[in-house]
Structures are given as C-alpha cells and as structure tokens.
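Here the structure comes first, spelled out in structure tokens, and everything after it is commentary.
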Amino acid sequence: MNLLSRFRALILLPLLLLLCVVLLWWAIPETTLSTRVLTALLAALGLLQLGLLYQIKHRLLRPLASLERGAEIILKTHAAHDLELPAEHLLGGLPESLHGLGDALSQARTEVSSALRSGAERVQSHKIYLERVIQGLEEGVLVCDAGARIILYNPAAYRILQQHPALGLGRLVYDLLPRIQLEHTFERLRQQQDAAGDFICTLNDSEQLLRCRTSLLFAHPDADHSAREEQGAVIAFDDVSLQQQRLQQRYRLFSATLEGLRGPLANLRAATETLTDYPDMSSAERTEFDRVIAAESRHLSDQLTQLADSEGALVGQEWQLANIYAADLIHLLHRQLGADQLTLTLTGVPLWLTTDSQALVALFDHLIHCLAELRQLRQFDIETLSGEHGIYLDLSWRGAPLTQAELESCQQTPLTSVVGHPRADELARQLGGELWSQPHPRIDGMAILRLPLPGADMGEPERPGGILPARPMVYDFDLFQPGPQHDSLMDTPLRQLNYVVFDTETTGLHPEQGDEVVSIAAVRIVNQRILPDENFNQLVNPGRPIPRDSIRYHGINDAQVVDAPSLIEVLPRFKAFAEGTVLVAHNAWFDMAFIRRREAQSRAYFTNPILDTLMLSVCLHGHEVEQSLDAITQRLGIDILGRHSALGDSLATAKLLLAQIDLLEARSIITLRDALNAYR
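Residue numbers (the numbering used here): 2 to 681.
Printed below as a string of structure tokens:
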C-alpha cells in the first residue's frame, strides 16, 4: 500500500465532520441562536481543516510517494537518480539527505567495482590470451552443459555452420546436430568410460556433412568414475561435405570407366583367342577380327584418356570413416525407425566397423522401409558376422528372399539425406560391396539382405595437432547452473529466462489501415547477459511506398527495401531465432499487431510468452509519470544508442528489462507468472 492510500481515512474524516455540522444546523431550532453560531464556527473549522488536508495531500503526501519511488530506484538501480518532486513541498531537507545517501551509495558501489576489477585483472588477462588463441583455430568447437544447451562456441564454429539460426548461447545443441546420434554417443562415452568418440552427421535441415569428435566434461576428472559429476560435453568438428562430394564423383567416374572397359576387353580377348585358335581362317575373316581389335583398342584408349582427364581433380581424397561398434550403429537405426513403428532386433555378437555411420544408417533405413512396403513387414533382425575379407551386415526377416527385380527396384532410389544423393546401389558399393539377398544360412523360413563391410581398424585414432583451447571468444560459463525448461517457463525466475527483445519500424502507426513493417530487429538475453553479436536485423519490403514522415522518423526509404524480402518471408526466420525464449518489446501490442496480421500467410505462429516493458513500468511507477521509452530509460540512467532504429531500440529495451527485473524483485515479483499477473 502506498502513502496516499494510508492517509485516505484522514482525508475522509473532516468531510464526515462537515456533513454532521450541516445536519446539526438544520436540526437545531431557529430560536437557539448561540447553538447555530457554534455550529457555524465548527463548520468553518471543518472547512479550514479540509483546506489544510488538501495542502497536506498535494504538498506532503504526493511528494512522499515520489520520494518513496525515487528511493527505490536509488537503492536498486540508479544511485544518481534525480527525485521527481513538485516545486513546493513540505519535506524540508529530506530530499537533499536522500540525495546525499544516493551519492554515498554510488561512491561505495564505485569502490566495490574497483576492488572487484583489481582482483579479476589476472583472470581477465588469461581470458584475453585464450580468446586470441581461439581466433586462429580452424576446427569448430561447441561446448554444451549437462542440459545440452550451448555455453561456448568459437568463431570457426560460426563460420563452418554458416551462421545457422539455431547457433547461439543457451540454444539446444540438438537444434544443430541430430539428437539421436549425439545422445547415443554421450551414453556410450558414459558407459565405456571413453575419453572421446567420433561420429559423422549432417547439420540439421542441411546437406552439410560434419565429422565430429566429442568428449564429456566432468567437475572432477581425476576422481573415480562413479564419483565424477558430469557437467557437459565438448564437440569439435569440421566440414567434410566437399570432400565427400568429390569422392562421390570419383567413385562414379571409376565405376562408369570399369563398366565401359569390361565390354571392349571381353571383345578383345575373344578376338585374340579366335585368331590364335584358328590360324587357317580366311583373309576376309581375319580382316574383320583385325577391325574389331582396332575399334575396341581405340575405345579403350578413349576411356583411359577420359579417366586421366577427370581423375586429376579428384585424386588424394579419402572417405570420412570412423570406428563404430555395431551395437551402437544399430541402436541409432532402431531409434530412427521407432517413429514409423518398425521393430529392429539386434542378434548375434556385435562387431566393430570402420564406416561412414551416417551414410550406413541412411542406407539401411531406406532398405528397411522398402522391404516393409514390398512385403508388408514390421519386424526385422540385424546381425554382424565375420566374413573372409571383412564384416557382413545381415538384415533378416521371415519370408522369402528378394527377387533380383525387387532388389534392383530398391537400389535405384537416390538417398537425399546423404551428401551427393547417391543411389542405394552406388552407396552400398562405396561402403563395402554389392548387396545381395538369399535364404538365411541358419534359420529356416527366413531370408537375409547382406552387405559386406570392412572390419574395424582398431589402431590409435589420429588426433588433431595441438591442444584445443579451454574457451573461445564467445562464452558464458554461468550456464552450467541449472536453467529453465521449456515446459515450466511460467514458474521460472525472471533472472533465469532467455529473452529475445525485438522492435519494428513501420510505414505508419495503423496496421489495420494497411501500414506494414519496413524493419525488424532483435537481440538475445541469455543468463542476464545481452549478446549484441547474436542479433536479428532485417530490412523488409512493405509492398507499398514509405511515407515521407515515416522516413524522417526511422531513415528507411524505398530504395533501401526494394530488394528486401517481404514480412511473410522474414517471419519464419525470426520465429527460428526466437524459438524457446520469452519475447520482449516496449509497447508490445503495437509490434505484435503487425506480426499477427501475417502469421497465417507465413505459417509462422508465435506462441512465445510476451513481456511488455511499458506495462512493467506502469506496474512499477504508475500512470503519474511519463512512460515513453526515452523517459523511462532516462529515469533509470540507461543510455540509448541508435534511437529510432529497430536494433538500437531493441538494445535499449533489453537494458531496460534487466533494470526492471531488479525493481520487480524488490516487490516480490519473481517469476514470469508473477510479472504477467502484475500487469494483468
């Protein structure tokens, strides 16, 4: 309850007294003049008291309310805040004393900050050194916490992942790399106590192929395995897409060349054997055989020339292979098939393989779906066996083997999830050999589809040279602390939430009358840190001329947006940027009105919780003070750079939100639910 509310009873008392005096005046007989005079005097005293109380309200109580509000700001956020008081008040020297306390508080905070800076100088020098080291690292590095949220990435990761919208502090690493492979690799490292594990995968929503090496992070790495506390994982990776594409080309070139050589070589062999076996043939017959030999020789020469011309650009590349335990590989495949209600059971003793695990999983995923469609099957077995020259990977089912026509139909389909989009038969040969189907060698009534694969090279794996630095230029180790989950945002403390603070610039103020967005920008807040480099900043073509008055306001003209995408194209990208966060804006209803009008057309629906810094300011300071962004930031001592640009206003609003969180907590508004309830 504020001070004005506490004194309402005192204000109502003289009013009731005056009303009683008037009633007494009319109730007393006219002959009692003295009584009437006394009553009039009492009424005059009541009016005098009413006037005094009016002065108390405007010159004492309201200044006290402003003093209370200012004291809260001085204590919590801006110690140099100037009190907003009327020119005349009855507070005497109290405001000056409060200003003195604010100055002392500001000085004390400055001294504390200076001491902290002095104590952190050595740590900061180490940070700067590590940041310089990481800039020259060619390999991408991601570090995630125990909840799989990214807490560190280096510039190489930003470059290799081609500015992927899911790359950012606090984002789930599963938004970048396939969840199934990562989770399974983490689990294998935990169970087998391996230092590191390799795998190959594609970037989500992309054909970009990555070779990854991951290791787990522990709080006490030298302790016994059972006593170590897992804190996250390091993932080092590089892009091998181009290498894999070139290998696809080289393989196709050699395959085509070999097929082209078989026919001419067979003809040459037959012709020479015939000439040898039949020396007495006629001159005409010998001439015909000589012609065949000459023609096929020219064909062979042409094939070799073509091979020599094409091979130069492809030589020297190697397949990106890694050792993997067959049980791990099959477990990956099993989890991938689970969504389609297909059952895969591992039989026999699993063996080690050296293969491209991502491509092999894609191949058998395709083959199983093809079999399920051809034979109406739901259950399959899979087994690894030692063969004469390597490993056999057998997929088995109850029923007859595939006919040659069925096998060829399954193998002619291009696999779009594999780099280069090879056909199934091409990929099978690249991985190890020809696919074939036959009755099960040991179980009657069952059949197998077999793929030969190379056995594992279990020598010491090659490691990248040098020591990976402990941390890169972009970091936030506070994210090791437990954070919010997406299904409990409402009860999460405001300090622990991740935010995307955004703003728009428009052609005008009336979306219902056809005004459109010309720019949308946003900045991320992770663990109470504004990350200016993790921003979204996009010009938008409004599809209509921008009025001159609006150009004077935000500086964006028609020429700047003529080649920009429409809001319908931009919104899906903005939705990806804001995924899993709380959206924040100043006067949010205005910005959201433009976005809501285009959600259906863009198919990008924003279901994020929304906080409005304007409404939060009203909750904190009431309607009696100005609530524009300029006024609020000035009141709280926040500088605005780039005002009336979408990105500049987003940064200012982000700073404002962090200051408001301090004030909200002082009023026991702790969680997102508390904040939404407060201004509802």
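Even glycine gets a Cβ: it sits at the ideal position worked out from N, Cα and C.
Given the structure is predicted, the values throughout are model-derived calculations rather than measurements.
Leu657 and Thr672 closer than 8 Å at C-beta: Start at 1 with the first residue of the sequence shown, and residue 657 comes out as number 656. Start at 1 with the first residue of the sequence shown, and residue 672 comes out as number 671. Taking 8 Å as the Cβ cut-off, Leu657 and Thr672 do not qualify as a contacting pair.
Whole beta strand (DSSP E) elements within the region 173-221, 3-residue minimum: 198-203 and 210-219
Contact test: Gln194 Cβ vs the ligand PLP heavy atom, cutoff 7 Å: Ligands in the displayed structure: none, and consequently the ligand PLP is not present.
Residues that DSSP places opposite Leu568 in a beta bridge: Here residue 568 is taken as the residue at index 567 of the sequence shown, counted from 1. Bridge partners of Leu568: none, in fact.
Among Ile151, Lys77 and Leu211, the one whose alpha carbon lies nearest that of Arg636: Position 635 of the sequence shown holds residue 636. Taking only the C-alpha atoms, the option nearest Arg636 is Lys77.
Short Cβ contact (8 Å threshold) for Phe503 with Ile521: Here residue 503 corresponds to residue number 502 of the sequence shown, with the count starting at 1. Here residue 521 corresponds to residue number 520 of the sequence shown, with the count starting at 1. Closer than 8 Å, so yes.
In DSSP terms, what Gly233 is bridged to: On the sequence shown, residue 233 is found 232 positions in, with the first residue counted as 1. Note: Gly233 sits in a beta bridge opposite Asp146 and Leu218.
Sequence-distant residues of its chain with Cβ nearer than 6 Å to Gly556 (five each side left out): If you number the sequence shown from 1, residue 556 lands on position 555. Taking C-beta separations shorter than 6 Å and ignoring five residues to either side along the sequence, Gly556 has no partners in its chain.
Nearest-angstrom beta carbon gap, Val562 and Pro546 [assumed within contact, 8 Å]: Walking along the sequence shown from the start, residue 546 turns up at place 545. Walking along the sequence shown from the start, residue 562 turns up at place 561. The pair is not a contact, with the Cβ atoms about 10 Å apart (cut-off 8 Å).
Beta carbon of Leu162 nearer than 8 Å to that of Val174: Residue 162 sits at position 161 when you count from the first residue of the sequence shown. Residue 174 sits at position 173 when you count from the first residue of the sequence shown. No, the pair does not count as a contact, with Cβ atoms beyond the cut-off.
contact_flag[the region 413-432, the region 349-366] where n(CB pairs < 8 Å) is 3 or more: yes
Trp590 classed as buried or exposed, judged by whether at least 16 other C-beta atoms fall within 10 angstroms: Your numbering for residue 590 matches position 589 in the sequence shown. Exposed, because fewer than 16 other Cβ atoms sit within 10 Å of the Cβ of Trp590.
Simplified DSSP state of Leu343, which is helix, strand or coil: Position 342 of the sequence shown holds residue 343. Leu343 falls in the coil class under three-state DSSP.
DSSP three-state assignment for Gln431, whether helix, strand or coil: As a position in the sequence shown, residue 431 is number 430, starting the count at 1. Reduced to three states, the DSSP call for Gln431 is helix.
Euclidean distance between Cα positions of Val241 and Leu170: Indexing the sequence shown from 1 puts residue 241 at position 240. Indexing the sequence shown from 1 puts residue 170 at position 169. Roughly 25 Å separates the two Cα atoms.
Cα-Cα separation between Leu345 and Phe381, rounded to whole angstroms: Working through the sequence shown from its first residue, we reach residue 345 at position 344. Working through the sequence shown from its first residue, we reach residue 381 at position 380. Each residue's alpha carbon lies about 5 Å from the other.
Nonlocal neighbours in the same chain, by C-beta distance under 7 Å from Cys411, ignoring five residues either side: Along the sequence shown, read from residue 1 onward, the residue named residue 411 stands at position 410. Correct list, in chain order: Leu368, Cys371 and Ala425.
Among Ser298, Arg451 and Gly233, nearest to Arg191 - alpha-carbon criterion: Along the sequence shown, read from residue 1 onward, the residue named residue 191 stands at position 190. Ranking the options by Cα distance to Arg191, first place goes to Gly233.
Min CB distance Glu384 to chain D below 8 Å: Checking the listed chains, one finds no chain D in this structure; it contains a single protein chain.
Same chain, Cβ closer than 8 Å to Leu510, neighbours up to 5 away in sequence not counted: As a position in the sequence shown, residue 510 is number 509, starting the count at 1. So the list reads Asp516 and Phe591, once near-sequence residues are dropped.
Range of the contiguous beta strand (DSSP E) that encloses Val502: Against the sequence shown, residue 502 aligns to sequence position 501. Here the beta strand (DSSP E) through Val502 covers Tyr500 to Thr507.
Among Ser618, Ile639, Ala655 and Asn155, nearest to Leu677 - alpha-carbon criterion: Here residue 677 refers to the residue found at position 676 when the sequence shown is read from its first residue. Per the Cα distances, Ser618.
Minimum C-alpha distance to Gln529 - residue among Pro280, Tyr500, Asp550 and Thr508: In the sequence shown, counting from the first residue as 1, residue 529 sits at position 528. Ranking the options by Cα distance to Gln529, first place goes to Tyr500.
For Gln539, the residue or residues it bridges with in DSSP: For the purposes of this step, residue 539 is taken as the residue at position 538 of the sequence shown. Looking at the DSSP output, Gln539 bridges to Ile521.
Cβ-Cβ distance between Pro610 and Leu490 below 8 Å: To locate residue 610, count along the sequence shown from 1; it is residue 609. To locate residue 490, count along the sequence shown from 1; it is residue 489. In contact: Pro610 and Leu490 (Cβ atoms closer than 8 Å).
Residue burial classification, Ala579 (beta-carbon count within 10 angstroms, cutoff 16): As a working note, residue 579 is residue 578 in the sequence shown. Buried: at least 16 other Cβ atoms inside 10 Å.
Ordered list of beta strand (DSSP E) runs contained in the region 543-623, each at least 3 residues: Counting only runs of 3 or more, we get 583-586 and 611-613.
Buried versus exposed call for His624 [16 or more other C-beta atoms within 10 Å across all chains shown]: Position 623 of the sequence shown, counting from 1, holds the residue named residue 624. It is exposed - the Cβ of His624 has fewer than 16 other Cβ atoms within 10 Å.
Residue range of the unbroken beta strand (DSSP E) whose run includes Ile392: On the sequence shown, residue 392 is found 391 positions in, with the first residue counted as 1. Residues Ile392 to Arg399.
Inter-stretch contact at 8 Å, needing at least 3 Cβ pairs: the region 98-110 / the region 67-86: yes
Rounded C-alpha distance that separates Leu615 from Ala660: On the sequence shown, residue 615 is found 614 positions in, with the first residue counted as 1. On the sequence shown, residue 660 is found 659 positions in, with the first residue counted as 1. Rounded to whole angstroms, Leu615 to Ala660 spans 13 Å at the Cα level.
Cβ pair Leu338, Asp303 closer than 8 Å: Mapped onto the sequence shown, residue 338 falls at position 337. Mapped onto the sequence shown, residue 303 falls at position 302. No, Cβ-Cβ distance for Leu338 and Asp303 is not below 8 Å.
Continuous beta strand (DSSP E) stretch holding Arg636: start and end: Taking the sequence shown and counting its residues from 1, the one referred to as residue 636 is at position 635. First-last for Arg636: Leu630 to Arg636, but that is the alpha helix (DSSP H), not the beta strand (DSSP E).
First and last residue of the uninterrupted beta strand (DSSP E) at Glu627: As a working mapping, residue 627 is identified with position 626 in the sequence shown. Run containing Glu627: none; DSSP gives neither H nor E here.
Coarse secondary structure for Arg292, derived from DSSP in three states: Along the sequence shown, read from residue 1 onward, the residue named residue 292 stands at position 291. Residue state, collapsed to three classes: helix.
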